[in-house]
Each structure stands twice: as C-alpha cells, then as structure tokens.
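Numbering (our numbering), first residue to last: 270 to 540.
Written out as structure tokens, the structure reads:
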C-alpha cells in the first residue's frame, strides 16, 4: 500500500510540473491549446506592483511585455480632442503618369469671358474642353460638419513648340480642382515658346474648401486648353510629355489632400 501511495504522489508531481497540451501531443507552453478557446468568465494577470491578480478595466487590452515578463492591461491611447479646435483627420496622396493631351482643335470656342465662366461651384459639365486626369480622381472622407480640406496639385505642362521666332507662340490653359464635380479652385497660366525646342514648365496649385457635408466625396483634377497664339497647330500635354526631352516620369502629376476637422465625438483617455 505504501508503494502504491508513493507512486501516486510521484505521478501527481509529474502532472503538476509538466506541460499540458489540448489537441496536441507536443505542447510548447505550460498550457498549449491547439484550437478555439472560449472563455466564459474572466482573465486575470499578476500585477507585480502589489502581487495581486488584475482583471483590467473596461475596454483595456492585454499587452505582452516580452519574454520573461507578465503581460499587463493597457488602454488604447486615443487622443483627447479639445472642443472647437481643428485636427488633421484625413490625409492621402495620389499620383498619375498617364496625363492628358490636347490637339489644336480641342480648345473650346466660347465667347463668354473667363471671369464669368470660371466661378466657384461651377459644374464641370458646364466648362467646355476640360479633361480629367484619371489617376487623381479619388474618394476622400469627411466625418464632421466643420472641416477644411486642403488640396495641393503639381504637374508638368509641355508643348511641342519650335524655338521662338519673331511671332509670339504660346498656349493659355487652366487647371481646376473639383469636389463632386464642382469647381473649388482654378489656376490659369500661359506656356510660351522660348529659344529652345519643346518647352515645359512646372505647374503648382493649392486649393481649399470648407465645411463639406459628412460622408465620402470625390476629388478630381481637370484641365483645359483655352487658347493658342502664333503657331496654333502644336500639341499640348499636361502630366505627360509631347517630346522626348522629358519623359512621363518627369511630367507625372500628384495630388495631396489634407482634411482638418473639429471632431464631433470626444474620447477621454482612461489610464
């Protein structure tokens, strides 16, 4: 009987000190569960500051501190927004290497003054000759009724002009930034022939629109060839090249969008 009792104690000691595997014959931890784990009550970890078991607070996460250390409860650090202040909520950048091209016959024939034609909020369908740069048409998100959206557009413009002679040779063009196909910013410029072949210039444009409605919006960039002077039959391109002195990589377009908002939901920090 003594031998049987001693054997039972020895076997119990092995069980208490061994690794236990559920659905595995080769456990790799004190308790190794190979499958789903369903907890019906609570999780508690050792709090080394007072040697007690801690169940954490509501909405806290259990975070590992690395090998040899017990995990601890942590609060997800959501910034505590101050009322009536703007914060950067959305930002993204887009690029396009395809660009758009205009032949001489693609410029609009309009008698309306540009000052009357290009007004904030004008629908893109009412503006003749505008072509969208496809890769810059993207969706942005707004989460508050108080917002400021900033747009920074950059591209390269080129025409296949010969070197400048005695006659003024140039092209007027315009690029607009649109939100939901409504004009929010426009810039007009002129590309002029110079003393070398195939001139090009860098076009920069910054726009802003305030208090867009909450939800998703489509931002896009579109440009138009407005008028030609001198040798009017030259090709014109925006965001791509007309001639081999530059390439598509050099001429590509980019659009950066930053949306600042006054948040409507405030998340206090719980330590």
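The beta-carbon is built from N, C-alpha and C at its ideal position, and this holds for glycine as well.
Cβ contact check for the segment 364-376 and the segment 514-532: 3 or more pairs under 8 Å: Under the three-pair Cβ rule at 8 Å, the segment 364-376 counts as touching the segment 514-532.
DSSP three-state assignment for residue 466, whether helix, strand or coil: Translated into the one-based positions of the chain shown, residue 466 becomes position 197. Looking at residue 466 - three-state DSSP - the assignment turns out to be coil, as it is neither helix nor strand.
Which of helix, strand or coil DSSP assigns to residue 443: Within the chain shown, numbered from 1, the residue matching residue 443 stands at position 174. Looking at residue 443 - three-state DSSP - the assignment turns out to be strand.
Residue 503 vs residue 373 beta-carbon contact at 8 Å: As a working note, residue 503 is residue 234 in the chain shown. As a working note, residue 373 is residue 104 in the chain shown. Cβ atoms of residue 503 and residue 373: closer than 8 Å.
C-beta contact flag for residue 496 and residue 370 at 8 Å: Start at 1 with the first residue of the chain shown, and residue 496 comes out as number 227. Start at 1 with the first residue of the chain shown, and residue 370 comes out as number 101. No; because the gap between Cβ atoms is not below 8 Å, this pair is not in contact.
Residue 405 vs residue 489 beta-carbon contact at 8 Å: Stepping through the chain shown from its first residue, residue 405 is reached at position 136. Stepping through the chain shown from its first residue, residue 489 is reached at position 220. Yes, they are a contact pair.
Buried or exposed (CB count within 10 angstroms, at least 16 for buried), residue 383: Taking the first residue of the chain shown as position 1, residue 383 is located at position 114. By the 16-neighbour rule on beta-carbons within 10 angstroms, residue 383 is exposed.
Contact belief for residue 509 with residue 428 at Cβ below 8 Å, rounded distance in angstroms: For the purposes of this step, residue 509 is taken as the residue at position 240 of the chain shown. For the purposes of this step, residue 428 is taken as the residue at position 159 of the chain shown. Residue 428 and residue 509 do not touch by the CB rule: their CB atoms are close to 12 Å apart, not below 8 Å.
Minimum C-alpha distance to residue 450 - residue among 421, 412, 492, 473: Translated into positions along the chain shown, residue 450 becomes position 181. Selected option, being the one with the closest Cα: 492.
Bridge-paired residues (DSSP) for residue 389: Residue numbering aside, residue 389 sits at position 120 when the chain shown is read from its first letter. None, per the DSSP bridge assignment.
Alpha-carbon to alpha-carbon, residue 342 and residue 292: What you label residue 292 is simply residue 23 of the chain shown in a count that begins at 1. What you label residue 342 is simply residue 73 of the chain shown in a count that begins at 1. Their backbone Cα atoms lie some 29 Å apart in a straight line.
Assigned exposure category for residue 593 - 16 Cβ within 10 Å defines buried: Outside the displayed span of the chain (270 to 540) sits residue 593, for which this structure offers no information.
Short Cβ contact (8 Å threshold) for residue 425 with residue 460: Residue 425 sits at position 156 when you count from the first residue of the chain shown. Residue 460 sits at position 191 when you count from the first residue of the chain shown. In this structure, the beta-carbon distance from residue 425 to residue 460 does not fall below 8 Å.
Cβ distance (whole Å) where residue 528 is taken to contact residue 391 below 8 Å: Locating residue 528 in the chain shown gives position 259, where the first residue counts as 1. Locating residue 391 in the chain shown gives position 122, where the first residue counts as 1. Actually they are not in contact, since the Cβ atoms of residue 528 and residue 391 sit about 22 Å apart, beyond 8 Å.
Contiguous beta strand (DSSP E) assignments of at least 3 residues, all confined to the segment 375-433: Counting only runs of 3 or more, we get 407-411, 416-428.
Inter-residue spacing [alpha-carbon to alpha-carbon] between residue 399 and residue 340: Residue 399 sits at position 130 when you count from the first residue of the chain shown. Residue 340 sits at position 71 when you count from the first residue of the chain shown. Approximately 59 Å, taken between the alpha carbons.
Of the listed residues 531, 403, 311, nearest to residue 323 (C-alpha basis): Working through the chain shown from its first residue, we reach residue 323 at position 54. Comparing Cα-Cα distances from residue 323 to each of 531, 403, 311, the minimum goes to 311.
Coil, strand or helix - residue 520 by DSSP: Sequence index remark: in the chain shown, residue 520 carries index 251 (1-based). If DSSP states are grouped into helix, strand and coil, residue 520 belongs with the helices.
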